[in-house]
């Protein structure tokens, strides 16, 4: 009989996420080992337990999920997980702290239903947070031109630098979006506006995006009003507002969940995967048949 | 294939109860997620993970169990659980911190095997503890007259006030039971004496309850001697002592366990249940065919 | 339908061992309850939850595993586990903190493939650590003469005293091994040299053991170089070096894992087992057909 599939949930919060646990179980994981309050220094022993218990032939039936609400703390855990493993004793790993990878992937793939990304200019607002930066990386990979908006031009530049690998020199443009006027400028001429702002921070007044020329799709990833793009409702799903096709966080939620589950299942196909932003995006892309519908 | 049933065990103790875990698994729960040392402020995120991961059609296959040895701390957790949920995104919840609900229900239903509760006067001793107060509420609901005994008449009055919802004005009587003489008075004329005293506290000397007139059933819920009703043994099960039918904690244990398991199973029938004292009592009632045997 | 088998993992480390968890699941345990950071004072309630939830007929389907990287702290937990249980409400318990029992058993049984232990003199180096002391106990039980080596003769004497139960007076000899010369003396005339030294501590220079007369088998239990017996590689498995058959930690790892899994399975056959050093050794012995191959 096959050995059970085991997912080891390493979470930087005091309690390992219920959300991630339920999704994992619904994806068909046989046995879930939950670890909360995981410190970077504790990762090595936990990962060794995954590496040294099953023979190489069964290592693909063990995997690690790194999560938690603090994306930056979780990224530290991921680094330690990757650093601990060596060939051929690897197990696959997925990173989705705060849902950042699956949310960004769902947003970009939703946009791709309406726009041909290789011909799209996208403005990502609050692009320096974990979801925003991941959306930027995915858009670049998909061939879009991306305006990277932040109140701090320095942080926008830093995101552009990190996202520039594999991008051509015209794909990334840092934009200061500290005032409505600057934001209007950043949006003007974009076909896609995507906000990854923190809860309760409005980054675009309604008058700004509805008066901008060329905007065809607007996506706001905040699940709780007030949202970042004023006028969008979290449950918007293909909602036409002022001729713009709008989506809210709940509106992209079904796709996000589908991607999350598919990524978990992919973990158990081989023992060498590291599913971070780009890989999660590719898994999402394989799920949607996404011809531009314009 | 059906999604697995998932029970989320929220426990206020440092380690989530093994007892509650084993009962849940024996009740057929597919996957148990254990959380110990849960603080009220952490409940929201954990419950959101239960609410937002499965579609409405599958929400009845996720449920929450609130437990722990500190009943009052666990009640705080329960409040936060209930406050977090909203229609229609609910999952069912069971409360049984320190076994208080299932123990009280087993005790009252055991009494009902021998007495017609609508015609019974019951004296509950140490009625201001969590098990005692729950037994009072269940007895009132079953139509009994209840004398609510406590060393502190103020606390007895408070319990009566909280239990009075749905009760008629003659059903509840607070009694001071600070001395053997007062206790004798509280018992005199009752058909049922039920003690929910803390471990090692004797609330009724043997001479008091054996000389009281009218007592037909005596139940003591302390599993470790000395028990609250002197002369009862924890393993008493329908034991006749001085013409009184006696039960100890272990004697009502099998029924308690049966109620606990049935309640867990009930959780997964619909997504809107809150199983606290009254609801657990009703589940117990549906399990026993309890004609009065007097 | 049979109740699920439940293993309760009590671990003194902050996070319950992933290693022990995976082995348990691969051994077929249906449901694993993991408890990390367990304090001795918390054991009682956890064990009561195992004792009082299933009827006697099903108690053999619940068991406890005591582990953690700090063997001495875990031994305290084990003491509390054993002290809590009473007849007939027992569940079986296995102790393998830091893999000490399964590692020692695998080492001694590996030696027994090449040597007739009743006719063997064995020198155990670093014999006062948890693995070393367990190997001494197992060798004594198997009828070998054992030289118990330690830098501290007092600690060596203490180990001999603890291991002397059931031994005859000529079986145990404490040896000071503080210098290469003393170590050479301790090894001289032994057929088996077994090192259980801590990571990075070389206890035998290569020139010492290769020039000693009579040594036929050398086993080093450190998985990370430098190892205790200089010249042995952790992956040595039946490797002949200077006419001596050598094994490293990884070389005995497959047998260690086999013993660990078999011991877990044995836990669920009856409810009264305490699987510590000697019992784990016996389980290992039943697994190997170990005729001396000299």
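Protein chains in written order, with our numbering: chain A, 744 to 1037; chain B, 744 to 1037; chain C, 744 to 1037. Ideal placement from N, C-alpha and C gives every residue a C-beta, glycine not left out.
At a cut-off of 9 Å between beta carbons, residue 1008 (chain A) makes no contact with chain B.
A direct Cα-to-Cα measurement between residue 1011 (chain C) and residue 963 (chain B) gives close to 35 Å.
In this structure the region 792 to 811 of chain C lies against the region 823 to 843 of chain C, because at least three pairs of beta carbons, one per stretch, are closer than 8 Å. According to DSSP, residue 888 (chain C) shares a beta bridge with C:864.
Going by C-alpha positions, residue 880 (chain B) is about 9 Å away from residue 908 (chain B).
Taking the Cα positions, residue 1016 (chain C) is about 50 Å away from residue 957 (chain B).
Counting the other CB atoms within 10 Å of its CB gives residue 920 (chain B) a total of 16 or more, which places it among the buried residues. Nearest Cα to residue 960 (chain C) within the set C:862, C:843, C:968, C:981: C:981.
Within its own chain, the residues whose Cβ lies closer than 6 Å to the Cβ of residue 1020 (chain B), once the five positions on either side in sequence are excluded, are 844, 877, 880, listed in chain order.
Per the Cβ contact rule, the region 886 to 896 of chain A is in contact with the region 909 to 919 of chain A (3 or more Cβ pairs under 8 Å).
Rounded to whole angstroms, the separation of the alpha carbons of residue 816 (chain A) and residue 747 (chain B) is 31 Å. Excluding sequence positions up to five before and after residue 869 (chain B), its CB lies within less than 8 Å of the CB of 875, 892, 893, 938, 939, 940, 941, 944, 946, 971, all in the same chain and listed in chain order. Identification of chain B residues near residue 995 (chain A) by a Cβ-Cβ cut-off of 8 Å yields none; the smallest Cβ-Cβ distance measures about 13 Å.
Secondary structure at residue 755 (chain A): coil, using DSSP grouped into helix, strand and coil. Per the Cβ contact rule, the region 806 to 826 of chain B is in contact with the region 835 to 852 of chain B (3 or more Cβ pairs under 8 Å).
Buried is the label assigned to residue 991 (chain B), since at least 16 other Cβ atoms lie within 10 Å of its Cβ. Residue 793 (chain B) reaches chain A at 761, 762, 765, counting residues in chain order whose Cβ is nearer than 9 Å. By the neighbour-count definition (other C-beta atoms within 10 Å, threshold 16), residue 985 (chain B) is an exposed residue. In this chain, the beta strand (DSSP E) harbouring residue 980 (chain B) covers 980 to 984. With its beta carbon less than 9 Å from one in chain B, residue 758 (chain A) belongs to the interface.
Shortest Cα-Cα distance from residue 848 (chain A) to any of A:863, A:884, A:818 involves A:884. Residue 873 (chain B) counts as buried, since no fewer than 16 other beta carbons sit within 10 angstroms of its beta carbon. In the structure shown, residue 954 (chain B) falls within a helical segment according to DSSP collapsed to helix, strand and coil.
Taking a C-beta cut-off of 8 Å against chain C, none of the residues of the region 960 to 982 of chain B qualify. Under the Cβ distance rule, residue 809 (chain A) does not count among the residues neighbouring chain C, no pair being separated by less than 9 Å.
Bounds of the beta strand (DSSP E) holding residue 917 (chain C) are 915 to 919.
Scanning C:936, C:769, C:1000 for the CA closest to the CA of residue 855 (chain C) turns up C:936.
Assignment of residue 850 (chain C) by DSSP, reduced to helix, strand and coil, places it in the helix class.
Annotated three-state conformation of residue 834 (chain C) is coil, per DSSP. Boundaries of the alpha helix (DSSP H) harbouring residue 788 (chain C): 786 to 794, taken from the DSSP string.
In this structure, DSSP gives residue 879 (chain A) a helical state, which the three-state scheme calls helix. For residue 987 (chain B), there is no enclosing alpha helix (DSSP H); the enclosing beta strand (DSSP E) covers residues 987 to 990. Interface criterion met: the Cβ of residue 788 (chain A) is under 9 Å from a Cβ in chain C. Straight-line measurement puts the Cα of residue 773 (chain A) at about 31 Å from the Cα of residue 851 (chain A). Under the criterion of beta carbons closer than 8 Å, residue 776 (chain C) and residue 749 (chain C) qualify as touching, at roughly 6 Å.
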